[in-house]
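> Got a structure here, written out as structure tokens. Questions coming.
Residue numbers (this note's numbering), protein chains in the order written: chain L, -19 to 322; chain U, -19 to 322.
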């Protein structure tokens, strides 16, 4: 398979490139009028996630509209708890809500896991296949999964939280049961990513969105060994690991050995480079709020960030793009990067 | 004034002490049945904040019930926006809500500030005086204020937020107007803390609860100079500065020169000690979720934390105690510290 714009893949392979590639976390979403139109035509976010045609359509929209260097398959991290047997709803303007949450070992034992669970997600793999057709080899397709801890959070809390204190409390109260659930999640994530790769994604990204509520001790004990197991099981395509807020574990995340390390906006380039080295490929990390500023400021901040990182860098935001970001500003960000030359 | 239990003050003064002092952020609050009883007797949280008798009563409750080594005067950080002219409500289970928010320079210009604003907070200063009477010199009384950034967040957003993206966007979009508002806040915080000290608090703590949504550049440009100005203006009593989530600015926070630096649970003791030195007095930083574990685990984590910090340490949580923490566990935490000997 020859990808027309293979800048992302060449960067990940460590080849010399003329500029950094760019894509945005949450690029397939509310910032695009085309997305909002599709979203309005279906009965809820989950209907869109489960629609193998429309999920492909919205995945490709930012490639057409923004000219980004990669597509990321539109989905939801919570498809994994669901395929394991824990249903959820998405409440408009409030986010995910699990009618039943994990409370004890019995609840954990009842969950299915691994390939048995992941193979239920046919709509994802079908959607990936449809996306590849629509993309027609213009840019590489990324597939993602939530990391064990972030999924664990939702399964214990039943919804978003500022502190995820119920999920964290479970780690302190029932460490052995927590490990059983984290292992089941890890098995399922591995099977899911392998099936996504089989369906055709060229890169995978692991999102640990709530890593930052933990500390080094908990992250080291419960999470890093499982992230390592996922990395070790995915040998066919490069992996991006993005543990938001986990500055305290950056060195150890680096040692996991993923091809790319996602960096949030809290981490300054010189801090990360000191820990990870100048040749390590990083992805990030413009503050999403810069995209509310005027074009000149967006340009300044973007160029400054690229120069601070140096080469071996994939441009992205340090978090998903906020839904109310003006579209013209997003375009200006993308175009600034595309006209940059090392 | 001779304080019977002056362990906190001796620790801050750098004297040799037999064990670390302990108090808890949010110790005067929902964890105590005595607090919940008082709270139920008044018409809302704000009524309690404005009641010079009852605010003193709830301030002293944790001294009686938990045996902590310090009291912290019960109040709300949002009394400052309010005295500057921006009213707010507290919506049950949702938190603060400002009917009107700051949108432009005109809104900022209309706010009063400094002593003119702070002097409106008579109910606080009266409450402090009443607390001192109830305390009867048993333990020192701490007075607190929100830091400029954290107050700015609420004044721009009108409510809590996961990202505070509106407040951050304003820093990028209108940096000069932002500085005017931050200066007005700084003036008011200084006047407020000085009046609190005049009323009798022995220590002050500055809370920058939302520091962690910024990065090093923004924190350095907008916030650190103002925190420095507050520190320089408060010469009469020791100051604790707690910038939650601002690990990226810890070195510069240290350089501000406050007597004590508050540390959240994300920051490991060895990381902080490397940056701040072994003799710097730190306050923190047990993960509040440890208090959901069993007594043995609470004890282990607490003793481990004390040993990792070494001397020059005030025990606290790394964040306010969560309201649903079992009271017996909080007591076990306090007693573990009180029976510890260096």
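Think of the CB as a built atom: it goes at the ideal place given N, C-alpha and C, for glycine as much as any other residue.
Under a Cβ-count criterion, where at least 16 other Cβ atoms within 10 Å of its own Cβ denotes burial, should residue 195 of chain L be classed as buried or exposed?
buried
> Of all the alpha helix (DSSP H) runs that stay within the bounds of the stretch -6 to 72 of chain L, which reach a length of 4 or more residues?
List check, alpha helix (DSSP H) in window: 13 to 21, 25 to 29, 34 to 46, 59 to 64.
> Pick out whichever of L:45, L:155, L:41, L:38 has its Cα sitting closest to the Cα of residue 277 of chain U.
L:155
> Would you say residue 153 of chain U lies against chain L (beta-carbon separation less than 9 Å)?
yes
> Distance cutoff 9 Å, beta carbons only. Does residue 225 of chain U sit that close to anything in chain L?
Yes - at least one Cβ of chain L is within 9 Å of the one on residue 225 of chain U.
> Does the beta carbon of residue 137 of chain L sit closer than 9 Å to a beta carbon anywhere in chain U?
no
> Using DSSP bridges, identify the partner residues of residue 221 of chain L.
L:186, L:241
> How would you write the range of the alpha helix (DSSP H) that residue 280 of chain L sits in, first residue to last?
275 to 289
> Does DSSP put residue -11 of chain U in a helix, a strand or coil?
helix
> Taking residue 264 of chain U as part of the alpha helix (DSSP H), name the residues at either end of that continuous run.
Here residue 264 of chain U belongs to no alpha helix (DSSP H); instead the beta strand (DSSP E) covers 261 to 266.
> Which residues does DSSP list as the beta-bridge partners of residue 75 of chain L?
L:71
> What residues from the stretch 289 to 318 of chain L come within 7 Å of chain U, judged by C-beta to C-beta, listed N to C?
302
> Look up residue 88 of chain L in the DSSP assignment and say whether it is helix, strand or coil.
helix
> Would DSSP call residue 116 of chain U helix, strand or coil?
coil
> Please state the DSSP three-state secondary structure of residue 99 of chain U.
coil
> Mind checking the stretch 260 to 278 of chain U against chain L and listing, in chain order, the residues whose C-beta falls within less than 8 Å of any C-beta there?
Under the 8 Å Cβ criterion, the stretch 260 to 278 of chain U contributes 267, 268, 269, 270, 272, 273, 274, 277.
> Could you work out which residues of chain U lie near residue 196 of chain L, taking near to mean beta carbons separated by less than 7 Å?
248
> Show which residues of chain U have a CB atom less than 9 Å away from the CB atom of residue 252 of chain L.
The contacting residues do not exist; residue 252 of chain L stays about 11 Å from chain U at best.
> Kindly indicate which three-state DSSP category residue 121 of chain U falls into: helix, strand or coil?
strand
> What did DSSP end up calling residue -16 of chain U once you bin it into helix, strand or coil?
coil
> Quick check on the DSSP output: what are the complete beta strand (DSSP E) runs of length 3 or more inside the stretch 129 to 204 of chain U, in order along the chain?
183 to 188
> Any idea what DSSP makes of residue 295 of chain L, helix, strand or coil?
strand
> Going by DSSP, what residues sit across from residue 126 of chain U in a beta bridge?
U:187
> In chain U, what lies closer than 7 Å to residue 93 of chain L by C-beta?
Those within 7 Å of residue 93 of chain L in chain U number zero; the least Cβ separation is about 26 Å.
> List the residues of chain L that residue 142 of chain U touches, going by C-beta distances under 9 Å, in chain order.
140, 142
> Please confirm if the stretch 116 to 132 of chain L is in contact with the stretch 177 to 197 of chain L, defined as three or more CB-CB distances below 8 Å between the two stretches.
yes
> Just tell me which of U:88, U:87, U:69, U:-12 has its CA closest to the CA of residue 79 of chain U.
Ranking the options by Cα distance to residue 79 of chain U, first place goes to U:69.
> Which residues bound the alpha helix (DSSP H) around residue 249 of chain L?
249 to 256
> Starting from residue 304 of chain L, trace the alpha helix (DSSP H) in both directions and tell me its first and last residue.
Per DSSP, residue 304 of chain L belongs to no alpha helix (DSSP H) and is neither H nor E.
> Give me the residue from L:183, L:295, L:63 with the minimum Cα distance to residue 90 of chain L.
L:63
> So is residue 246 of chain L buried or exposed if we call it buried at 16+ other beta carbons inside 10 Å?
In this structure residue 246 of chain L is buried. Its beta-carbon is surrounded by 16 or more other beta-carbon atoms within 10 angstroms.
> Is there a Cβ from chain L that is less than 9 Å from the Cβ of residue 148 of chain U?
yes
> Would you identify the three-state DSSP class for residue 232 of chain U, choosing helix, strand or coil?
helix
> Quick check on residue 13 of chain U: buried or exposed, where buried means 16 or more other Cβ atoms within 10 Å of its Cβ?
exposed
> I'd like to know whether the C-beta of residue 190 of chain L is nearer than 9 Å to at least one C-beta of chain U.
no
> Would you please verify whether the beta carbon of residue 145 of chain U is less than 9 Å from any beta carbon of chain L?
So yes, residue 145 of chain U belongs to the interface.
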